[in-house]
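*Asks:* One line per chain: the protein sequences are A and B, in this order. The opening residue of the first sequence carries number 1 in our numbering; numbering runs sequentially from there. The opening residue of the second sequence carries number 1001 in our numbering; numbering runs sequentially from there. After the structure tokens below, expect a handful of questions from me.
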Amino acid sequence: MKQRSVVNILFLAPVVFTFIMIIIVPFSLGIYYSLTDWNGVSPNIHFVGFKNFSKLFNTPDFIHSFLITVGYTIINVILVNIVSFTLSLIVTSKVKFRNFYRAGFFVPYLIGGIVLGYIWQFIMNNILVSLGTTYGIEMLQSSFLSRPETVIWVMSVVNTWQFSGYIMLIYVAAIQSIPKSLMEAASVDGAGFVRNVFNILIPMMANAFTISLFLTLTNSFKQFDMNLTLTNGGPATRFMGVPVKASQLLAMNIFDTATANKMAEAQAKAVVLFVVLVVVSLIQVSNNKKKEVEM
Amino acid sequence: MKNTMSFKRRAPMLILEAFTILLFILFMIPFAMVVLNSAKTSREIIINAVALPENWGQLGNNISRIFNNPTVDYLSAFGDSVIITVLSLLVIITFSSMAAWVLVRNEKKTWSIIIFMVFVAAMVIPFQVLMYPLVRWLRILGNVLNLRLLGTVRGIVFAYLGFGSSLSIFVFHGFIKNIPYELEEAATIDGCSYPRIFFEIVFPLLKPIIVTVMILNGIWIWNDYLLPYLVLGSNGAVQTLPVAVTAFAGAYLKQWDLILTSTLLAIVPIIILYLFAQRYIIKGMVEGAIK
Chain A
1 MKQRSVVNIL FLAPVVFTFI MIIIVPFSLG IYYSLTDWNG VSPNIHFVGF KNFSKLFNTP
61 DFIHSFLITV GYTIINVILV NIVSFTLSLI VTSKVKFRNF YRAGFFVPYL IGGIVLGYIW
121 QFIMNNILVS LGTTYGIEML QSSFLSRPET VIWVMSVVNT WQFSGYIMLI YVAAIQSIPK
181 SLMEAASVDG AGFVRNVFNI LIPMMANAFT ISLFLTLTNS FKQFDMNLTL TNGGPATRFM
241 GVPVKASQLL AMNIFDTATA NKMAEAQAKA VVLFVVLVVV SLIQVSNNKK KEVEM
Chain B
1001 MKNTMSFKRR APMLILEAFT ILLFILFMIP FAMVVLNSAK TSREIIINAV ALPENWGQLG
1061 NNISRIFNNP TVDYLSAFGD SVIITVLSLL VIITFSSMAA WVLVRNEKKT WSIIIFMVFV
1121 AAMVIPFQVL MYPLVRWLRI LGNVLNLRLL GTVRGIVFAY LGFGSSLSIF VFHGFIKNIP
1181 YELEEAATID GCSYPRIFFE IVFPLLKPII VTVMILNGIW IWNDYLLPYL VLGSNGAVQT
1241 LPVAVTAFAG AYLKQWDLIL TSTLLAIVPI IILYLFAQRY IIKGMVEGAI K
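Set out below in structure tokens:
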């Protein structure tokens, strides 16, 4: 029995030690720095209480980033769900080469945000503009990335392209776990395809929707890589009377603030992001647990 | 009459087939554009970004221009990415499965529940909250231990073990719970020591879930940008592929012939791996999400 306790400790020690060193200590430091005047360089750090947080409410670039991140997240939740649900219906139908399609739709997810940001920057700034000039389509002649009112939509389209294949896999697994007899029985009773989808498929997939909503929400709120290489925050626009970056999402706002040596302010912003993620996760999970159909 | 009937029945299916093909082409266009334009000169791209390249041999030219480029050592970045990903996966899988097994076998004990809950709860922490403190802390820790952690492979592997352990322990925990305890009891009676029970009996049973853990962590580590950027630096001796591509694109602003070729070189290895391990990757991603 004693040997067991020793082994237990030895087996747990590597991850627990690493976890404390990599997550717990930096996380605690992060919370602490948000309450100080740390600038990232100076060794003198003073405690200032919640000053950094109260200042955030008067920081236009932060409020702007927060709002567009919320907007971006909402668009993503809708787009990703529609596209991935459609894809999952297609690859579980009797379409020829359905396994090939399933594998293909998932490919964008394998490519990291950094790389695909460059690819889409090229498509938006060169391919579409080139098509617009060649065929005289005025709408395409200036890049969608250079217009403050369209840039968030472009990021959502890219995000949808990247994540739909992944969410599709989750929906496919859910659809395949529904007993075939259920749909067949309904069809015999005269239910059409659309009614089958709404009355049987969607209610039976409640759990899969919970998972995918949660993944899309948290991924959108934390979006950084694609934002960096697709737009780098641009173009410029105005908000609350001051110039801000039209596509600077929350994570990039934090990054840019820190790069400008305003570490404590960046930490305060990051803590806000953390709180939002905690709240969103809790609401999302508890809300959907209630809605699930009991089998 | 008979023909029209069967056409009527088949029509929805044909529409679906056509719609699927269109959708698939739409999904693949970005990749096609990368390949097309990687085989063009800068001038050709400016003249017409959509046209077919004049000479596919230019692809080889562009690739060799990247390999011979002084700002980025593509091959060594590729090598570093492979080393970092493989080592991180090794430590994550070994140490997380060991920990998860101890946690499951002591499931009823308070300490086990607390440790497990802390690991799971930590998954909600965004990287942004701790990234800068982490860099500062790793520098301090490196000085104390007299072991450089910033800018080194061991430093970033250490960090990946920390960031990867939460999800991995969670996934292993769920799987080990379903392994019958009788198996281990029988081994104990046969005089098998406690650690050997894990390595010789439990660990081999984990194979399917190890694949899942490998894929979930592998895709993330391979494509990760911010952690290597902060821990290794953007121009350090050790450099991962995403950091190298970004450094390259930053140095050759708007030179799409080079940037696109460098993205192509970053994509190809993943696609090749995917072709061979597609079944496992898809299965791994689904299980990781559902658990």
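The C-beta atom is built at its ideal place from N, Cα and C for all residues, glycine as well. Because the structure is a prediction, the values reported are computed rather than measured.
Put B/VAL1086 into one of helix, strand or coil per three-state DSSP.
*Replies:* Taking the second sequence and counting its residues from 1, the one referred to as residue 1086 of chain B is at position 86. Helix, per DSSP.
*Asks:* Can you tell which of A/VAL70, A/ASP225, A/PHE11 and A/GLY241 has its C-alpha closest to the C-alpha of A/GLY112?
*Replies:* To locate residue 112 of chain A, count along the first sequence from 1; it is residue 112. When only C-alpha atoms are compared, the closest one is A/ASP225.
*Asks:* Closest Cβ-Cβ distance between B/GLN1278 and chain A: below 8 Å?
*Replies:* Start at 1 with the first residue of the second sequence, and residue 1278 of chain B comes out as number 278. For B/GLN1278, the answer is yes, since a Cβ of chain A falls inside 8 Å of its Cβ.
*Asks:* Is the CB of A/ILE119 under 8 Å away from at least one CB in chain B?
*Replies:* Within the first sequence, residue 119 of chain A is the residue found at index 119, counting from 1. Cβ-Cβ to chain B under 8 Å: yes for A/ILE119.
*Asks:* Could you tell me the alpha carbon to alpha carbon distance between B/SER1112 and A/PHE97, rounded to whole angstroms?
*Replies:* In the second sequence, residue 1112 of chain B corresponds to position 112, counting from 1. In the first sequence, residue 97 of chain A corresponds to position 97, counting from 1. B/SER1112 and A/PHE97 have their C-alpha atoms some 47 Å from each other.
*Asks:* Buried or exposed for B/ASN1235, please, with buried defined as at least 16 other CB atoms from any protein chain shown within 10 angstroms of its CB.
*Replies:* What you label residue 1235 of chain B is simply residue 235 of the second sequence in a count that begins at 1. Flag for B/ASN1235 reads exposed.
*Asks:* Alpha carbon to alpha carbon, how far is A/MET295 from A/LEU89?
*Replies:* As a working mapping, residue 295 of chain A is identified with position 295 in the first sequence. As a working mapping, residue 89 of chain A is identified with position 89 in the first sequence. Confidence in A/MET295 is poor, its pLDDT being 40 and thus under 50, which makes the residue's placement unreliable; the coordinate value appears in the next sentence. Between A/MET295 and A/LEU89, the C-alpha separation is close to 22 Å.
*Asks:* Quick one: residues in its chain with C-beta nearer than 7 Å to the C-beta of A/ASN253, no 5 flanking neighbours on either side, listed in chain order?
*Replies:* Taking the first sequence and counting its residues from 1, one reaches residue 253 of chain A at position 253. Around A/ASN253: ASP61, PHE62, SER65 and LYS269.
*Asks:* Taking 8 Å as the cut-off, decide whether the C-beta atoms of B/PHE1170 and B/PHE1119 are in contact.
*Replies:* Indexing the second sequence from 1 puts residue 1170 of chain B at position 170. Indexing the second sequence from 1 puts residue 1119 of chain B at position 119. Closer than 8 Å, so yes.
*Asks:* Under 8 Å by Cβ, that's how I've got A/LEU217 and A/ILE200 pegged, so tell me the actual separation to the nearest angstrom.
*Replies:* Working through the first sequence from its first residue, we reach residue 217 of chain A at position 217. Working through the first sequence from its first residue, we reach residue 200 of chain A at position 200. That belief does not hold up - the Cβ atoms of A/LEU217 and A/ILE200 are roughly 26 Å apart, past 8 Å.
*Asks:* In angstroms, rounded to a whole number, what distance separates the CA positions of A/ILE127 and A/ILE74?
*Replies:* Along the first sequence, one-based indexing puts residue 127 of chain A at 127. Along the first sequence, one-based indexing puts residue 74 of chain A at 74. So the two alpha carbons sit approximately 28 Å from each other.
*Asks:* Nearest-angstrom Cα distance between B/LYS1002 and B/ARG1010?
*Replies:* By one-based count along the second sequence, residue 1002 of chain B stands at place 2. By one-based count along the second sequence, residue 1010 of chain B stands at place 10. Note that B/LYS1002 has pLDDT 49, beneath the 50 cutoff, so the model's placement of it is unreliable and the number below is only indicative. One C-alpha to the other measures close to 12 Å.
*Asks:* Using the beta-carbon of each residue, which ones in chain A are nearer than 8 Å to B/ALA949?
*Replies:* Residue 949 of chain B cannot be examined here, being either before or after the span of chain B that is shown, 1001 to 1291.
*Asks:* Hey, how far is the Cα of B/ILE1156 from the Cα of B/MET1214?
*Replies:* As a first step, residue 1156 of chain B must be located in the second sequence, where it is residue number 156. As a first step, residue 1214 of chain B must be located in the second sequence, where it is residue number 214. Roughly 17 Å separates the two Cα atoms.
*Asks:* Measuring only between beta-carbons, confirm whether B/SER1081 sits less than 8 Å from chain A.
*Replies:* Position 81 of the second sequence, counting from 1, holds the residue named residue 1081 of chain B. Answer no: the Cβ-Cβ gap between B/SER1081 and chain A never drops below 8 Å.
*Asks:* Here's the rule: buried if 16 or more other CB atoms are within 10 angstroms of the residue's CB, otherwise exposed. What is B/ALA1018?
*Replies:* Here residue 1018 of chain B refers to the residue found at position 18 of the second sequence. B/ALA1018 comes out exposed.
*Asks:* Would you call the CB atoms of B/VAL1135 and B/LEU1145 closer than 8 Å?
*Replies:* In the second sequence, the residue the question calls residue 1135 of chain B occupies position 135. In the second sequence, the residue the question calls residue 1145 of chain B occupies position 145. When the beta-carbon positions are compared, B/VAL1135 and B/LEU1145 stay at least 8 Å from each other.
*Asks:* Could one say the Cβ of B/PHE1158 lies closer than 8 Å to chain A's Cβ atoms, at least one of them?
*Replies:* Taking the second sequence and counting its residues from 1, the one referred to as residue 1158 of chain B is at position 158. Cβ-Cβ to chain A under 8 Å: yes for B/PHE1158.
*Asks:* Just reading off the beta strand (DSSP E) that A/ARG296 is part of, what are its end residues?
*Replies:* With chain A represented from 1 up to 295, any question about residue 296 of chain A goes unanswered, as that position is not in the structure.
*Asks:* How is the alpha helix (DSSP H) around A/VAL91 delimited, first residue to last?
*Replies:* The residue you call residue 91 of chain A lines up with position 91 of the first sequence. That run of the alpha helix (DSSP H) goes 60 to 91.
*Asks:* Helix, strand or coil for A/THR36, going by three-state DSSP, please let me know.
*Replies:* For the purposes of this step, residue 36 of chain A is identified with residue 36 of the first sequence, where counting begins at 1. DSSP places A/THR36 in the strand class (E or B) of the three-state scheme.
*Asks:* Between B/SER1165 and chain A, is the shortest Cβ-Cβ distance under 8 Å, so that the two count as touching?
*Replies:* Residue 1165 of chain B sits at position 165 when you count from the first residue of the second sequence. So, interface residue.
*Asks:* Answer yes if the region 1161 to 1178 of chain B comes into contact with the region 1198 to 1210 of chain B, meaning at least three C-beta pairs across the two stretches below 8 Å, and no otherwise.
*Replies:* yes
*Asks:* Less than 8 Å separating the beta-carbons of A/PRO235 and A/PRO148?
*Replies:* Your numbering for residue 235 of chain A matches position 235 in the first sequence. Your numbering for residue 148 of chain A matches position 148 in the first sequence. The Cβ atoms of A/PRO235 and A/PRO148 sit closer than 8 Å to each other.
*Asks:* From the beta carbon of B/PHE1119, is the nearest beta carbon of chain A less than 8 Å away?
*Replies:* Residue mapping note: residue 1119 of chain B aligns to position 119 of the second sequence, counting from 1. B/PHE1119 counts as touching chain A.
*Asks:* Report the three-state DSSP secondary structure of A/VAL154 (helix, strand or coil).
*Replies:* Within the first sequence, the letter at position 154 stands for residue 154 of chain A. Residue state, collapsed to three classes: helix.
*Asks:* Using the beta-carbon count (16 or more within 10 Å), is A/GLY192 buried or exposed?
*Replies:* By 1-based counting over the first sequence, the position of residue 192 of chain A is 192. Label assigned to A/GLY192: exposed.
*Asks:* So what's A/LYS245 in DSSP terms, helix, strand or just coil?
*Replies:* Taking the first residue of the first sequence as 1, we reach residue 245 of chain A at position 245. Strand at A/LYS245.
*Asks:* Within 10 angstroms of its Cβ, does A/MET139 collect 16 or more other Cβ (buried), or is it exposed?
*Replies:* Looking up residue 139 of chain A in the first sequence gives position 139. It is exposed - the Cβ of A/MET139 has fewer than 16 other Cβ atoms within 10 Å.
*Asks:* Which class does A/PHE47 belong to by DSSP, given the choice of helix, strand or coil?
*Replies:* As a working mapping, residue 47 of chain A is identified with position 47 in the first sequence. A/PHE47 falls in the strand class under three-state DSSP.
*Asks:* Express the C-alpha separation of B/LEU1075 and A/SER54 in angstroms, rounding to a whole number.
*Replies:* Reading the first sequence from its first residue, position 54 is the one you call residue 54 of chain A. Reading the second sequence from its first residue, position 75 is the one you call residue 1075 of chain B. If I take the Cα positions, the gap works out to 48 Å.
*Asks:* Can you find at least 3 beta carbon pairs, one from the region 1257 to 1274 of chain B and one from the region 1091 to 1099 of chain B, that sit closer than 8 Å?
*Replies:* no
*Asks:* In whole angstroms, what is the alpha-carbon distance linking B/LEU1022 and B/ALA1251?
*Replies:* Sequence index remark: in the second sequence, residue 1022 of chain B carries index 22 (1-based). Sequence index remark: in the second sequence, residue 1251 of chain B carries index 251 (1-based). If I take the Cα positions, the gap works out to 37 Å.
*Asks:* How many angstroms separate the CA atom of A/LEU282 from the CA atom of A/ALA206?
*Replies:* Locating residue 282 of chain A in the first sequence gives position 282, where the first residue counts as 1. Locating residue 206 of chain A in the first sequence gives position 206, where the first residue counts as 1. Rounded to the nearest angstrom, the two C-alpha atoms are 17 Å apart.
*Asks:* Where are the alpha helix (DSSP H) runs, 4 residues long or more, that stay fully inside the region 1049 to 1083 of chain B, in chain order?
*Replies:* 1057 to 1067
*Asks:* Give the DSSP-derived three-state secondary structure of B/ARG1148 in the structure shown.
*Replies:* Working through the second sequence from its first residue, we reach residue 1148 of chain B at position 148. DSSP places B/ARG1148 outside both helix and strand once states are collapsed to three, so it counts as coil.
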